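Notes to accompany the following structure.
This is the structure:
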């Protein structure tokens, strides 16, 4: 799933390439992807792209007249920028991975695509960001929150730190991959309870959040959209590295699986050398 660093990079790429260009047309291929019906997609025709930005993990393309195309890429969504489209024929609804296409007046534009069968990519065309439910509920940006705000938000939602870090209403922008990386950098068990963290642990966690996300943003900026996934993988130390050696201590990276996701961690760095068993069957390491 694209998280804060990748969405920040996609917004930066769109600012460089599309700001000032006018929309030739907005095409919808996956009807279920567009969650709004007013204004209609034709409302953006002829409008210039003014800006591209990010709200948590939401990408926001702003057109003149304060009209926003807000996109949540979900787990398997992505943005592909095209210098030129292979044909001018309209998209055929329900055919292929393309959910939405924006054609610009110079012949370029971008596709929003989603792989797999679970179609959860969501696009909203709105004049008011508050009309996007996910944006309206976002907590403070994880990269921008200062230590007092960060500590207050985490301690205000009692639970396992892994889950609280990825709760977008607590802090926005962190997902499954970077939460694993942040907790590894902070040397914290993913099952540590938020309201039991000491002030020192909270400060370390805050610093790790800023470091991990900041480093990922720095690596990602300037990359083409097609290169971002590879850049993300190259910077990961524990996430998606089950069975490989931890680059910090050499211990084997372990995994805990859930119904529809998993987490990765290093026992030596994070849990005092004790592997975590299935969360439903064992006593959790704090």
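Residue numbers (the working numbering): -13 to 272. Built from N, CA and C at the ideal position, the CB exists for glycine as well. Values in this document were obtained by computation on a predicted structure and should not be read as measured data.
Open item on the list: On a Cα-Cα basis, can you pick out the residue from 35, 157, 181 and 98 that is closest to residue 145?
Closed with: 181
Open item on the list: Starting from residue 168, trace the beta strand (DSSP E) in both directions and tell me its first and last residue.
Closed with: From DSSP, residue 168 is part of no beta strand (DSSP E) but of the alpha helix (DSSP H) over 162 to 172.
- [ ] Pair every Cβ in the region 50 to 67 with every Cβ in the region 83 to 102, then say whether three or more of these pairs are closer than 8 Å.
- [x] yes
Open item on the list: Rounding to the nearest angstrom, what Cα-Cα distance links residue -3 and residue -9 in this structure?
Closed with: 10 Å
Task: Contact between the region 77 to 85 and the region 21 to 34 (3+ Cβ pairs under 8 Å) - done: no
- [ ] From the DSSP output, in three-state form, read off residue 266 for me.
- [x] Confidence at residue 266 is low in this model, with a pLDDT of 44, below 50, so its placement is unreliable and the value that follows should be read with caution. DSSP places residue 266 in coil when its eight states are reduced to three.
Open item on the list: Helix, strand or coil, according to DSSP, for residue 182 in the structure here?
Closed with: helix
Task: Whole-angstrom distance between residue 167 and residue 235, CA atom to CA atom - done: 15 Å
Open item on the list: Quick check on residue 161: buried or exposed, where buried means 16 or more other Cβ atoms within 10 Å of its Cβ?
Closed with: buried
- [ ] Would you tell me roughly how many angstroms separate the C-alpha atoms of residue 266 and residue 149, rounded to the nearest one?
- [x] Below a pLDDT of 50, predicted positions are generally treated as unreliable, and residue 266, at 44, falls in that range; the measurement from the model is reported next regardless. The straight-line gap from Cα to Cα measures roughly 15 Å.
Task: Cα-Cα separation between residue 174 and residue 255, rounded to whole angstroms - done: 8 Å
TODO: Could you name the residues that DSSP lists as bridge partners for residue 238?
DONE: 231
Open item on the list: Using DSSP's beta-bridge definition, name the partner residues of residue 251.
Closed with: 240
- [ ] Put residue 272 into one of helix, strand or coil per three-state DSSP.
- [x] Bear in mind that the predicted position of residue 272 carries a pLDDT of just 48, short of 50, making it too unreliable to give a figure here.
- [ ] Take residue 77 and list the residues in its own chain whose beta-carbon comes closer than 7 Å to its own, dropping the five residues that flank it on each side.
- [x] 13, 15, 84 and 87
- [ ] Hey, could you find the ends of the beta strand (DSSP E) residue 285 is sitting in?
- [x] Nothing about residue 285 can be reported from this structure: the residues present for the chain run from -13 to 272 only.
Task: Cut-off 6 Å between Cβ atoms - residues of its own chain near residue 0, not counting five sequence neighbours on either side - done: 38
Open item on the list: Between the alpha carbons of residue 232 and residue 56, how many angstroms are there, rounded?
Closed with: 37 Å
Open item on the list: Looking at residue 50: is its Cβ nearer than 7 Å to the Cβ of residue 36?
Closed with: yes
TODO: For residue 269, count neighbouring C-beta atoms within 10 Å of its own C-beta (all shown protein chains included) and say buried if the count is 16 or more, exposed if not.
DONE: Reliability of the predicted coordinates at residue 269 is poor, the pLDDT of 45 falling under 50, and no value is obtained from them.
TODO: Report the rounded CA-to-CA distance for residue 195 versus residue 5, giving the unit in angstroms.
DONE: 31 Å
Open item on the list: Looking at the secondary structure, which residues open and close the alpha helix (DSSP H) in which residue -10 lies?
Closed with: -10 to 4
- [ ] To the nearest angstrom, report how far apart residue 130 and residue 73 are at their CA atoms.
- [x] 42 Å
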